[in-house]
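Visitor: Here it is, the structure, as structure tokens.
There are 2 protein chains.
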Amino acid sequence: MYTIKQASTLTKLSIDTIRYYEKAGLLPKIKRLPNKHRVFIQPDIERLQMITCMKKANLSLDEVKLYLDIAKTSNMSPEMVAGMHQHKEKVKNQMAQLQTVLDFIDEKLAEGTWLKRKA
Amino acid sequence: MYTIKQASTLTKLSIDTIRYYEKAGLLPKIKRLPNKHRVFIQPDIERLQMITCMKKANLSLDEVKLYLDIAKTSNMSPEMVAGMHQHKEKVKNQMAQLQTVLDFIDEKLAEGTWLKRKA
DNA sequence: GCTTGACCTGGAGTCAACTCCATGTTTTAT
DNA sequence: ATAAAACATGGAGTTGACTCCAGGTCAAGC
Chain A
5 MYTIKQASTL
15 TKLSIDTIRY
25 YEKAGLLPKI
35 KRLPNKHRVF
45 IQPDIERLQM
55 ITCMKKANLS
65 LDEVKLYLDI
75 AKTSNMSPEM
85 VAGMHQHKEK
95 VKNQMAQLQT
105 VLDFIDEKLA
115 EGTWLKRKA
Chain B
5 MYTIKQASTL
15 TKLSIDTIRY
25 YEKAGLLPKI
35 KRLPNKHRVF
45 IQPDIERLQM
55 ITCMKKANLS
65 LDEVKLYLDI
75 AKTSNMSPEM
85 VAGMHQHKEK
95 VKNQMAQLQT
105 VLDFIDEKLA
115 EGTWLKRKA
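So the protein sequences, as listed, match chains A and B.
Everything in the first sequence is counted per my numbering, starting at 5 for the first residue and increasing by one.
Everything in the second sequence is counted per my numbering, starting at 5 for the first residue and increasing by one.
This is the structure we're talking about:
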């Protein structure tokens, strides 16, 4: 059981962002204390972390919502399955691009090191 | 030698976006014809593609600019080297997160398949 | 010589995703 | 019982990254 502040610390999302995500329908019904304060439980924290992951995969909040909704549905329509396959390809593709960036960084670092050694 | 339209097709960036990147200082001086039209050469195209890669790594345009500027400098200050190491960790971390998303997708797809087979 | 098409510029407009603010309630410490 | 802390709400404001638009230039074809 966590307060919103604790949830914020755990997820590294701001308190406002968490409330914003709730408003946007990305979270399930968050429990409240009698005084209206939100109470976050472990699965809520994990969900927030998954949202962060998906955002890093360049999904919009709407897309994140869609996938999380699908995750709840036990039977997926063929379109959903197709959509997920498609998205999987997109993510793979993006990982390849990230690898390009890593290579670029390594190359530059190697150059830097080389120059340093030479000097 | 490419027109802006060809560059747009090659990079899948809109013409406006390419001009925007130029204004933002992410491109080197682009050659012009006497009639002021831009002429893109191969390295320009590659640079645009690298920008796309870096953006997918969740770098802001300012950060992209910074790294591209560093790439030009032959000797990097220790802070730059440190910054790049740091960023490398960030990118790696992000790849791990993407992997999480991939796993999530695979899991959901597996479930869907399973349910379908059962039905 | 006039229209068409591809390009130019400067600047305004749009959109997603926050982020901030004013105001209000409830519990806790003095 | 007054003050301070931690939360709440609704809505306005901000930011980054485009995207669109009005008005203009230039070269080519009819």
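Even glycine gets a Cβ: it sits at the ideal position worked out from N, Cα and C.
A quick note: this is a predicted structure, and the numbers were derived from the prediction, not measured.
Determine, for Gln98(B), whether the minimum Cβ-Cβ distance to residues of chain A falls below 8 angstroms.
Guide: It does: the Cβ of Gln98(B) has a partner Cβ on chain A nearer than 8 angstroms.
Visitor: What do you reckon, are the CB atoms on Val131(B) and Val95(A) nearer than 8 angstroms?
Guide: There is simply no residue 131(B) to check, as chain B begins at 5 and stops at 123 in what is shown.
Visitor: List, in chain order, every chain B residue whose beta-carbon is nearer than 8 angstroms to that of Val43(A).
Guide: Residues of chain B passing the Cβ test: none, with the nearest at roughly 25 angstroms.
Visitor: Among all the DSSP beta bridges, which residues are the ones paired with Phe44(B)?
Guide: Answer is Tyr6(B).
Visitor: Let me know if His91(A) comes out buried or exposed under the rule of 16 or more other beta-carbons within 10 Å of its beta-carbon.
Guide: Flag for His91(A) reads buried.
Visitor: In angstroms, rounded to a whole number, what distance separates the CA positions of Leu70(B) and Lys60(B)?
Guide: Rounded to the nearest angstrom, the two C-alpha atoms are 16 angstroms apart.
Visitor: With DSSP as the reference, identify every bridge partner of Arg36(A), one or two as the case may be.
Guide: In DSSP, Arg36(A) forms a bridge with Arg42(A).
Visitor: Against chain A, does Ile109(B) count as a neighbour if the rule is that its beta carbon must be under 8 angstroms from one of theirs?
Guide: True, the Cβ-Cβ gap to chain A drops below 8 angstroms.
Visitor: When DSSP labels each residue in this structure, what does Ala114(A) get in the three-state scheme?
Guide: In this structure, Ala114(A) counts as helix in the three-state DSSP scheme.
Visitor: Taking the alpha-carbon positions, what's the Met99(B) to Cys57(A) distance?
Guide: If I take the Cα positions, the gap works out to 10 angstroms.
Visitor: Going by beta-carbon coordinates alone, are Ala11(A) and Leu52(A) separated by less than 8 angstroms?
Guide: Their beta carbons are under 8 angstroms apart, which means Ala11(A) touches Leu52(A) by this criterion.
Visitor: Give a yes or no on whether 8 angstroms exceeds the smallest Cβ distance from Lys16(B) to chain A.
Guide: Chain A contact via Cβ: absent.
Visitor: Return the first residue and the last residue of the alpha helix (DSSP H) that Lys27(A) is part of.
Guide: First-last of the alpha helix (DSSP H) with Lys27(A): 19-27.
Visitor: By how many angstroms is the C-alpha of Asp48(B) removed from the C-alpha of Thr21(A)?
Guide: When rounded, the distance between both Cα atoms is 38 angstroms.
Visitor: To the nearest angstrom, how far is it from the Cα of Lys27(B) to the Cα of Thr13(B)?
Guide: In a straight line, the C-alpha of Lys27(B) is about 20 angstroms away from that of Thr13(B).
Visitor: Quick check: what's the CA-CA separation for Leu37(A) versus Leu30(A)?
Guide: Near 20 angstroms, if we compare the C-alpha coordinates of Leu30(A) and Leu37(A).
Visitor: CB-CB under 7 angstroms to Leu72(A), same chain, minus the five flanking residues each way: which ones, in chain order?
Guide: Correct list, in chain order: Leu30.
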